[in-house]
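Read the structure below first, then the notes.
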Amino acid sequence: MFRPLIWMVALAPVVAHAGDCDGALDREVPAFEVAKSAMLEGDFEAFYDAATRYAAKDPAIKSGFLDPLVANFPDGFSNCVTVVQRTETPGYVQEITLFFIDGLTGPITVYLAAVDVDGVLQPTSVVYNSDMDVVFDELR
Numbered sequence: 080m081f082r083p084l085i086w087m088v089a090l091a092p093v094v095a096h097a098g099d100c101d102g103a104l105d106r107e108v109p110a111f112e113v114a115k116s117a118m119l120e121g122d123f124e125a126f127y128d129a130a131t132r133y134a135a136k137d138p139a140i141k142s143g144f145l146d147p148l149v150a151n152f153p154d155g156f157s158n159c160v161t162v163v164q165r166t167e168t169p170g171y172v173q174e175i176t177l178f179f180i181d182g183l184t185g186p187i188t189v190y191l192a193a194v195d196v197d198g199v200l201q202p203t204s205v206v207y208n209s210d211m212d213v214v215f216d217e218l219r
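Going from the sequence shown to the numbering used here is simple: count from 1 and add 79.
Next comes the structure, spelled out in structure tokens:
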């Protein structure tokens with residue numbers, strides 16, 4: 080039986096990179112694109128490292144965040160789509176992205192949030208879960 084997964088982690092700035100999860104975005108957040116691309120590819124270590132680049136590194140938290148992804152999705156995902164982007168002026172952006180595997184019913188849903196710091200959107204949190212409702216509850 081597949082158990083729901085949920086993790087929240089503080090995020091920090093990451094290097095900009097074009098992402099792979101098409102969707103109707105009002106504003107591209109380069110740090111989100113790096114994280115989503117790594118998640119899609121199944122490079123969960125890079126996903127975590129990008130998402131927590133300047134955050135305190137607690138090995139227990141990192142292991143708890145990564146282990147369910149590595150165990151359940153060792154080859155990554157077949158496709159993804161960003162389904163929600165919410166922007167609050169002057170500088171708060173949230174996104175929800177669905178990650179799919181061919182033949183698996185239901186996505187892994189990822190929530191990302193960022194705030195504008197000196198003109199650059201900096202990630203502040205991430206949540207992932209197999210229960211979409213849990214992730215949608217994160218929207219502010």
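Idealized CB from N, CA, C, for every residue including glycine.
Less than 9 Å separating the beta-carbons of phenylalanine 60 and methionine 211?
There is simply no residue 60 to check, as the chain begins at 80 and stops at 219 in what is shown.
Whole angstroms are fine: how far does the CA of glycine 121 sit from the CA of arginine 219?
Taking the sequence shown and counting its residues from 1, one reaches residue 219 at position 140. Taking the sequence shown and counting its residues from 1, one reaches residue 121 at position 42. Taking the straight line from one Cα to the other gives about 28 Å.
Whole runs of the alpha helix (DSSP H) within the stretch 94-166, excluding any shorter than 4 residues:
109-120, 123-130, 138-151
Identify whether aspartate 212 lies in helix, strand or coil by the three-state DSSP scheme.
To locate residue 212, count along the sequence shown from 1; it is residue 133. Aspartate 212 falls in the helix class under three-state DSSP.
Helix, strand or coil for proline 169? Go by DSSP, reduced to three states.
Counted from its first residue, the sequence shown places residue 169 at position 90. DSSP places proline 169 in coil when its eight states are reduced to three.
Under the three-state DSSP convention, the category leucine 177 falls into:
Counting from 1 along the sequence shown, the entry for residue 177 is found at position 98. Leucine 177 falls in the strand class under three-state DSSP.
Since threonine 184 is in the beta strand (DSSP E), which residue starts that stretch and which ends it?
If you number the sequence shown from 1, residue 184 lands on position 105. Premise fails: threonine 184 is in no beta strand (DSSP E) and is neither H nor E.
By DSSP's criteria, aspartate 197 is part of a beta bridge. Which residues make up the other side?
As a position in the sequence shown, residue 197 is number 118, starting the count at 1. Answer by DSSP bridge pairing: none, since aspartate 197 is not bridged.
Bridge partner(s) assigned by DSSP for leucine 191
Counting from 1 along the sequence shown, the entry for residue 191 is found at position 112. Looking at the DSSP assignment, leucine 191 forms a beta bridge with Glu174, Val205.
Given that a residue counts as buried once 16 or more other Cβ atoms are within 10 Å of its Cβ, and exposed if not, what is tyrosine 207?
Here the question's residue 207 lines up with position 128 in the sequence shown. When all chains shown are included, tyrosine 207 counts as buried.
Measuring alpha carbon to alpha carbon, tell me which residue in Phe215, Asp197, Leu191 is nearest alanine 110.
The sequence position of residue 110 within the sequence shown is 31, counting from 1. Selected option, being the one with the closest Cα: Leu191.
Please list, in chain order, all residues of the same chain as aspartate 101 whose beta carbon is under 8 Å from its beta carbon, the five residues on each side excluded.
Stepping through the sequence shown from its first residue, residue 101 is reached at position 22. Answer for aspartate 101: Val160, Thr161, listed in chain order.
Nearest-angstrom Cα separation, counted from serine 209 out to threonine 175:
For the purposes of this step, residue 175 is identified with residue 96 of the sequence shown, where counting begins at 1. For the purposes of this step, residue 209 is identified with residue 130 of the sequence shown, where counting begins at 1. Here residue 175 turns out to be isoleucine, not threonine, going by the sequence shown. Cα to Cα, isoleucine 175 sits roughly 13 Å from serine 209.
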